[in-house]
Amino acid sequence: MTFGPAERLGRSTTDFVLGLGKITLFSGQLLKAAFRRPFRFRRLMDELYNIGVLSLAIVIVSGVAVGMVLGLQGYNTLVRFGAEESLGAVVGLSLIRELGPVLTALLVTGRAGSAIAAELGSMVVTEQLDGLRMLSVDPLDFIVGPKALAMVIAMPLLAALFTVLGLMGGYLVGVLFLGVDPGSYLSALEASIDFRSDVVGSLIKGFVFGLLVAVISTYRGYTADPHSAGVSAATTSTVVIASVTTLIFDYLITALWGV
Amino acid sequence: MILGGSGSGKSTLLRMIGCLAKPDSGDIWIDGETELTCMPESQARRYRRNIGMMFQDGALLDSMSVYENTALPLREHTESKEDEIRKKVEQVFESVGLHEVNHLLPGELSGGMLKRAALARALIMEPAILVCDEPFSGLDPRTVRLVEALLMEVNHRLGITMLITSHEIPSTFRMASNIVLLMEGKALCGTPRELLASDDDRIRSFFADSVPESAFA
Amino acid sequence: MTESPTRDALVGLFVLAGFLAIAYLSVSLGGANYRGEGGLEVIATFDEVGGLKPRAQVVVGGVKVGQVDSVELDEDLRARVSLDLDPSLNLPSDTSASILTQGILGDQYIALEPGAEEIPLSPGDEIQFTQGALILERLIGKLVQNIGVE
Chain B
1 MTFGPAERLG RSTTDFVLGL GKITLFSGQL LKAAFRRPFR FRRLMDELYN
51 IGVLSLAIVI VSGVAVGMVL GLQGYNTLVR FGAEESLGAV VGLSLIRELG
101 PVLTALLVTG RAGSAIAAEL GSMVVTEQLD GLRMLSVDPL DFIVGPKALA
151 MVIAMPLLAA LFTVLGLMGG YLVGVLFLGV DPGSYLSALE ASIDFRSDVV
201 GSLIKGFVFG LLVAVISTYR GYTADPHSAG VSAATTSTVV IASVTTLIFD
251 YLITALWGV
Chain Y
260 MILGGSGSGK STLLRMIGCL AKPDSGDIWI DGETELTCMP ESQARRYRRN
310 IGMMFQDGAL LDSMSVYENT ALPLREHTES KEDEIRKKVE QVFESVGLHE
360 VNHLLPGELS GGMLKRAALA RALIMEPAIL VCDEPFSGLD PRTVRLVEAL
410 LMEVNHRLGI TMLITSHEIP STFRMASNIV LLMEGKALCG TPRELLASDD
460 DRIRSFFADS VPESAFA
Chain L
477 MTESPTRDAL VGLFVLAGFL AIAYLSVSLG GANYRGEGGL EVIATFDEVG
527 GLKPRAQVVV GGVKVGQVDS VELDEDLRAR VSLDLDPSLN LPSDTSASIL
577 TQGILGDQYI ALEPGAEEIP LSPGDEIQFT QGALILERLI GKLVQNIGVE
């Protein structure tokens with residue numbers, strides 16, 4: 001059977017709405033599972049290790065590198081106007097408002113979100129989740145919940161680390177390599193950052209992105225088709241959907257919060 | 260025992276008995292009083308305590324050791340202390356013939372060991388019914404005989420009802436007291452003797468390859 | 477998963493480092509733009525504020541002592557700027573305020589010049605002597621005009 005473009009459009013629209021409904025219901029179940037007793041501290045620690053600690057390396061390296069590039073580019077632009085003292089403000093504002101949370105979300109999606117989807121997907125394939133159900137253990141409770149919660153906790157922390165390391169990278173290039181005055185770098189930085197609109201906005205972004213990646217990756221893994229193509233489809237679509245959603249929500253939060 | 264070619268719906272039937280899947284139509288009754296198809300998840304969770312399921316590929320959690328996998332239901336559903344759990348797990352390991360595997364991960368076990376570990380986890384909560392999905396799949400003929408003997412021994416010692424799917428016709432005839440044959444969307448039931456005595460051509464042709472002609476009455 | 481003290485310690489370190497980063501961002505950077513609680517609120521009215529914006533610095537002798545709270549028009553259509561200052565300064569009541577620019581194209585800020593009065597500024601007071609922002613284009617325009625006249 002072949003479909004014309006109109007039918008395909010209709011199909012993908014209904015699929016989209018259907019998927020949105022399903023993922024919302026799933027989030028509801030997940031939320032319920034997260035508050036169900038007993039609280040699984042042990043499982044949470046394991047997942048914090050997998051998601052948080054194991055993402056540290058990529059976040060540290062990328063954070064410093066992005067900060068250094070910002071320092072270099074910012075300097076080259078500012079020096080034309082004799083305003084290189086404002087380098088701290090340029091690096092700081094772009095990192096705190098946008099690059100820190102957004103790039104961290106994209107990196108963590110690639111590193112940990114895909115891993116969550118792949119692991120859950122392969123647990124579906126090998127009947128591990130059904131196995132748990134037959135032991136009267138709810139997999140949402142035991143496996144999925146701790147993963148999602150760890151993601152929500154780890155994302156703002158990683159985003160903050162990324163931002164601070166980026167500031168250090170900018171300082172390194174600006175002050176040590178290009179000779180900007182350290183005092184004016186720091187004072188421009190401090191003067192330009194506002195607690196409410198910049199720092200809180202940045203933390204809100206980290207938290208929201210964490211929620212998004214957590215829900216999308218666990219949903220796609222949990223509902224993966226039970227064969228290996230299903231697992232790879234779940235992994236790929238987790239990265240694609242989570243990245244796009246992160247960028248869309250970034251715009252929305254920026255517009256609403258005024259960051 | 261439930262026999263049938265691949266794709267005939269053996270595993271799906273077991274999944275429905277475990278309340279993991281719902282039938283497209285019809286009801287499932289347990290003991291003539293419990294109805295499975297419209298059971299809410301919370302009730303299903305209580306019901307599944309009575310069923311031990313041994314999955315085809317073990318379905319043990321990869322990230323936990325065999326010991327932790329087996330101890331999991333005890334930790335989840337009982338107030339047992341650590342030494343009680345240890346004693347119980349070791350007892351079950353002993354009864355299925357598993358030795359010195361406590362700290363191995365499921366991925367590090369051989370096929371036969373994995374089946375034993377899956378059986379151990381299915382038995383740990385002392386279920387009323389033991390459901391085994393393809394306990395002989397992926398094993399060499401010698402190990403098939405070992406697992407077969409193990410299941411028979413468990414059956415005699417614990418006296419629990421067992422529901423086994425298989426496509427291994429010889430071992431089915433050695434073990435089964437009742438056979439359900441799934442083919443072409445129909446289920447045919449009977450004792451092994453009855454099935455062999457049947458003059459239905461479909462049954463005869465199904466068994467023809469693996470049961471010697473002389474076995475037919 | 478089996479328990480592992482090293483893993484737990486790493487998780488602990490990770491969480492700690494994350495919170496330190498958040499604390500640094502909030503306190504050292506976010507908090508640094510002067511939020512003296514119960515700060516000294518004074519008013520200054522200017523003819524011209526140029527590009528002065530809320531959160532711009534207020535300095536005395538180049539040292540930051542507060543920030544601009546709001547910039548709005550008053551009844552006489554002059555720019556009314558409210559300043560949030562450090563109350564411990566005891567600035568004299570005849571302090572003057574002028575709007576200056578950091579560098580040629582930099583941010584605008586307010587510089588206060590302390591006077592000689594004994595009485596200090598109190599909350600709600602208005603700074604009497606003010607000097608508005610210099611607009612580069614106007615200066616050049618005037619210059620061109622003057623040259624033309626001569």
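Residue numbers (our numbering), protein chains in the order written: chain B, 1 to 259; chain Y, 260 to 476; chain L, 477 to 626.
Cβ atoms here follow ideal geometry from the backbone N, Cα and C, with glycine treated the same way.
Because the structure is a prediction, the values reported are computed rather than measured.
- prompt: Any residues in the region 125-138 of chain B with a beta carbon nearer than 8 Å to a beta carbon of chain Y? Which ones, in chain order?
  reply: T126, E127, Q128, D130, G131, L132, R133, M134, L135, S136, V137 and D138
Ranges of the alpha helix (DSSP H) found wholly within the region 81-110 of chain B, counting only runs of at least 4: 87-93 and 100-108
task: Kindly list the residues whose CB is nearer than 6 Å to the CB of R43 of chain B, restricted to its own chain and excluding five residues on each side of it in sequence; keep chain order.
output: P146
- prompt: If you follow the beta strand (DSSP E) that D560 of chain L is part of, which residue opens it and which one closes it?
  reply: A555 to L561
query: Residues of chain L with CB under 9 Å from F39 of chain B, in chain order?
result: In chain order: nothing, as chain L lies at least about 16 Å away.
task: Taking all protein chains shown into account, decide if C391 of chain Y is buried (16 or more other Cβ within 10 angstroms of its Cβ) or exposed.
output: buried
field: Integer-rounded CB distance, given that I261 of chain Y should sit under 8 Å from V439 of chain Y
entry: A Cβ-Cβ separation of about 5 Å places V439 of chain Y in contact with I261 of chain Y under the 8 Å criterion.
query: Do the CB positions of G92 of chain B and I248 of chain B come within less than 9 Å of each other?
result: Contact: no.
task: Using a Cβ-Cβ cut-off of 9 Å, state whether A497 of chain L counts as contacting chain B.
output: yes
query: Taking only beta-carbon atoms, is S322 of chain Y less than 9 Å away from chain B?
result: yes
task: Could you please give the first and the last residue of the uninterrupted beta strand (DSSP E) stretch that includes Y585 of chain L?
output: Q584 to E589
message: Under DSSP, the alpha helix (DSSP H) around I616 of chain L begins and ends at which residues?
response: L612 to V625
task: Could you work out which residue in B:S114, B:F209, B:G174 and B:G10 is closest to L189 of chain B when comparing CA atoms only?
output: B:G174
field: Inter-residue spacing [alpha-carbon to alpha-carbon] between G293 of chain B and T329 of chain Y
entry: The requested residue 293 of chain B does not occur in the structure, where chain B is confined to residues 1 to 259.
message: Does the CB of T13 of chain B have a neighbour CB from chain L at under 9 Å?
response: no
query: When the Cα of M421 of chain Y is compared with those of Y:S430, Y:T450, Y:A387 and Y:I287, which residue comes out closest?
result: Y:A387
query: Distance, Cα to Cα, V620 of chain L vs T104 of chain B?
result: 53 Å
message: Can you look up M434 of chain Y in the DSSP assignment and give me helix, strand or coil?
response: helix
query: DSSP state of F522 of chain L, grouped into three classes?
result: strand
Near-chain L residues of the region 56-75 of chain B (beta-carbon distance less than 8 Å), N- to C-terminal order: L56
task: Measure the C-alpha to C-alpha separation of D583 of chain L and T14 of chain B and round it to an integer number of angstroms.
output: Cα to Cα, the separation comes out at about 52 Å.
message: Please classify S62 of chain B as buried or exposed, where buried requires at least 16 neighbouring CB atoms within 10 angstroms.
response: buried
query: Cα-Cα, which of B:F35, B:L176, B:F195 and B:A118 is closest to I216 of chain B?
result: Taking each of B:F35, B:L176, B:F195 and B:A118 in turn and checking the Cα distance to I216 of chain B, the smallest one comes out for B:A118.
message: Along the region 164-195 of chain B, where does the CB come closer than 7 Å to a CB of chain L? Name the residues.
response: V164, L189, E190, A191, I193, D194 and F195
- request: Measure the Cβ-Cβ separation of V557 of chain L and L528 of chain L and say whether it is below 9 Å.
  value: In this structure, L528 of chain L lies closer than 9 Å to V557 of chain L by Cβ.
query: Mapping DSSP to helix, strand and coil, what is I419 of chain Y?
result: Coil.
query: First and last residue of the alpha helix (DSSP H) that includes G221 of chain B?
result: G201 to Y222
field: Cβ-Cβ separation, L333 of chain Y to I225 of chain Y (assumed contact under 8 Å), whole Å
entry: A question about residue 225 of chain Y goes unanswered here, because the residues of chain Y that appear run from 260 up to 476.
message: Check whether the region 537-556 of chain L and the region 478-498 of chain L are in contact - that is, three or more C-beta pairs closer than 8 Å.
response: no
field: Neighbour flag for H358 of chain Y against chain B, beta carbons, 9 Å
entry: For H358 of chain Y, the answer is no, since every Cβ of chain B falls outside 9 Å of its Cβ.
Touch test, the region 6-20 of chain B against the region 431-451 of chain Y, Cβ-Cβ under 8 Å, three pairs minimum: Counting Cβ pairs under 8 Å, fewer than three are found: no touch.
- request: State yes or no: is the beta carbon of S502 of chain L nearer than 9 Å to at least one beta carbon in chain B?
  value: yes
query: Mind pulling the chain L residues with CB within less than 8 Å of Y219 of chain B?
result: Going along chain L, no residue has its Cβ under 8 Å from Y219 of chain B, so there is no contact; the nearest lies around 23 Å.
message: If we define contact as Cβ-Cβ less than 9 Å, is I253 of chain B a contact residue for chain Y?
response: Chain Y, which has no Cβ nearer than 9 Å to the Cβ of I253 of chain B, makes this no.
Collapsed DSSP secondary structure at L161 of chain B in the structure displayed: helix
- prompt: For S574 of chain L, which residues does DSSP report across the bridge?
  reply: L:A587 and L:Q607
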